[in-house]
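Take the sequence shown: its position 113, counting from 1, is numbered 738 in the working numbering, and each next residue is one higher.
We treat Cβ as the ideally placed atom computed from N, Cα and C, and that holds for glycine.
The structure appears below as structure tokens.
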Amino acid sequence: MASQENKALKKGSCHCPSQKKHNFARCLKKRLITRAEREIFQFNQDKINLKNFWKRKTLSITMMAFSSILFTLGVAFFLGFAKTVPTGLSAIPALITIIVNSRYNVDISWSFAVIYFAINLPLLIFTLVKVSNKSFSYLTFFWLFFQIIWNQVFSLDSPIRDFFVKNILIEEIKDSWTLFYYTIIGGILSGWSIGIAWKFGGSGGGTDFITYFIALKYRKPIEKIMFSISIFFGLFSLVLLYFFQPAQVNDQLFGQKFFALFLYLIVSSTIVGRIYPKYGKLLLQIYTNEPEKIIKHFKSIKYWHSYNIWEGISGYTSQKQWRVETIIFTIEKKAILEEVAKSKVNFWYSATRILQTTDRFDTTKIN
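As structure tokens, this is what we get:
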């Protein structure tokens, strides 16, 4: 039985049944999704270098700009306005701006992104030298660069900043409800930002570099590693403010700011895990009457995961049917289905999320 998705995979473009019923918006959306999926993961692609980076990662660079504006809105704007305890490596520029503003009554929030970029520069160079995946370093650089631009927009007087101040911000923080309101919004925007940056091959810098190396070595979910590292920096910031600027934490070590810290990290890390489950796994079941062609193609591309072949009787047609089963990483699904379509067989498939399995997987392709 031929699958519509199977045919679409072969075409790789328009899903409209005919040109008369051509839907420009739907086709454009599909092409953007396909382009995004191929930039996120593509089987057997050439290594990224400065020469082919601009062409191969055009959409990813655009998403770094979008991601950085979400981060600036969430962290530098909402959390900054609420004076929520900063976390991660961004805690350093955040603490500097808070302390300078409190002691000298000078607003240097415009310098947040510049200081953050300066701190990240040695980490960026180290990663570029040590990690074979150069695309990660290139995209992270763009993310940091775009963040400097957006930080100026939302820190200095501008029509965009005035719009947010007048239409979204509450005039002043009067109670815990207002603090948690800003914290939740900041956490959502930050989670979207970091998740999108990771999904398209970059990061937001800072502790994301540490997360990257730990995730590569131990294959742990990125959101859990981020939470653990960020909570350390968050508690460090809380203690530092308590002793040097107690008014910033309402003279309480375990007060509202403490709970807001945990709320922010829970919200942001949960969203990151939803957007980018890098080591999330699926059971992919491919049903076909010609399994030998699929197996032949798998062998020709040196398919990197184990698979099983099951023979059965179709309850609908009462004919023999075969099922090829393989456990894959979630982000590999699109690319693997495209490879199955290249075997030129009729098939349909199902994909089921795997909650737990042994950690014996080849991560070469996704890393």
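Self-check item: Whether leucine 753 touches glycine 831 by CB criterion (8 Å)
Solution: 8 Å or more divides the Cβ of leucine 753 from the Cβ of glycine 831.
Self-check item: Nearest-angstrom Cα separation, counted from serine 828 out to asparagine 745
Solution: One C-alpha to the other measures close to 12 Å.
Quiz item: What's the gap between the Cα of glycine 705 and the Cα of proline 711?
Solution: C-alpha separation (whole angstroms): 9 Å.
Quiz prompt | Neighbourhood of isoleucine 785 by C-beta distance below 8 Å, restricted to the same chain and skipping five residues each side | solution = The residues are Val778 and Phe779.
Quiz item: Just reading off the alpha helix (DSSP H) that glutamine 772 is part of, what are its end residues?
Solution: Its alpha helix (DSSP H) spans residues 759–780.
Quiz item: Do proline 718 and phenylalanine 702 have their CB atoms nearer than 8 Å?
Solution: For proline 718 and phenylalanine 702, no; Cβs fall outside 8 Å.
Quiz item: Nearest-angstrom Cα distance between asparagine 739 and lysine 655?
Solution: The residue you asked about is not asparagine; residue 739 is valine in the sequence shown. Cα to Cα, valine 739 sits roughly 37 Å from lysine 655.
Exercise. Could you tell me the distance, in whole angstroms, from the CA atom of leucine 866 to the CA atom of tryptophan 817?
Key: Answer to the nearest angstrom: the Cα atoms are 28 Å apart.
Quiz item: For serine 968, does the three-state DSSP call read helix, strand or coil?
Solution: Note: serine 968 maps to coil in three-state DSSP.
Practice problem: Just the C-alpha distance for lysine 574 and phenylalanine 884, rounded to the nearest angstrom, thanks. | Solution: Any answer about residue 574 is impossible in this case: the structure gives the chain only from 626 up to 992.
Practice problem: Give the straight-line distance between the Cα atoms of proline 846 and isoleucine 856, rounded to the nearest whole angstrom. | Solution: If you take the alpha carbons of proline 846 and isoleucine 856, they lie about 16 Å apart.
Quiz item: How is leucine 878 classed by DSSP in three states: helix, strand or coil?
Solution: Here leucine 878 sits in coil by DSSP.
Practice problem: Please state whether DSSP places threonine 988 in a helix, a strand or coil. | Solution: The DSSP-derived three-state label of threonine 988 is coil.
Quiz item: Which value, in whole angstroms, describes the spacing of the CA atoms of serine 943 and tryptophan 935?
Solution: Each residue's alpha carbon lies about 16 Å from the other.
Quiz item: Just checking my contact of tryptophan 775 with isoleucine 694 at CB under 8 Å: how many whole Å lie between their CB atoms?
Solution: The Cβ separation is near 5 Å, so the contact holds.
Practice problem: Assuming phenylalanine 972 contacts valine 965 (C-beta within less than 8 Å), just tell me the rounded distance between them. | Solution: That belief holds up - the Cβ atoms of phenylalanine 972 and valine 965 are roughly 6 Å apart, short of 8 Å.
Quiz item: Does the Cβ-Cβ distance between lysine 903 and isoleucine 956 come in under 8 Å?
Solution: Closer than 8 Å, so yes.
Quiz item: Beta-carbon separation of serine 893 and leucine 764 under 8 Å?
Solution: Result no, Cβ atoms of serine 893 and leucine 764 do not sit closer than 8 Å.
Quiz item: Under a three-way DSSP split, which group does glutamate 936 fall into?
Solution: Strand.
Quiz item: Contact check, glutamine 873 vs isoleucine 721 under 8 Å by CB: the rounded distance?
Solution: Their Cβ separation, rounded to whole angstroms, is 13 Å, which puts glutamine 873 and isoleucine 721 out of contact at 8 Å.
Quiz prompt | Span of the alpha helix (DSSP H), counted from its first residue to its last, around isoleucine 839 | solution = Segment 832–843, the alpha helix (DSSP H) holding isoleucine 839.
Quiz item: On the three-state DSSP scale, how would you describe glutamate 915?
Solution: Coil at glutamate 915, not helix or strand.
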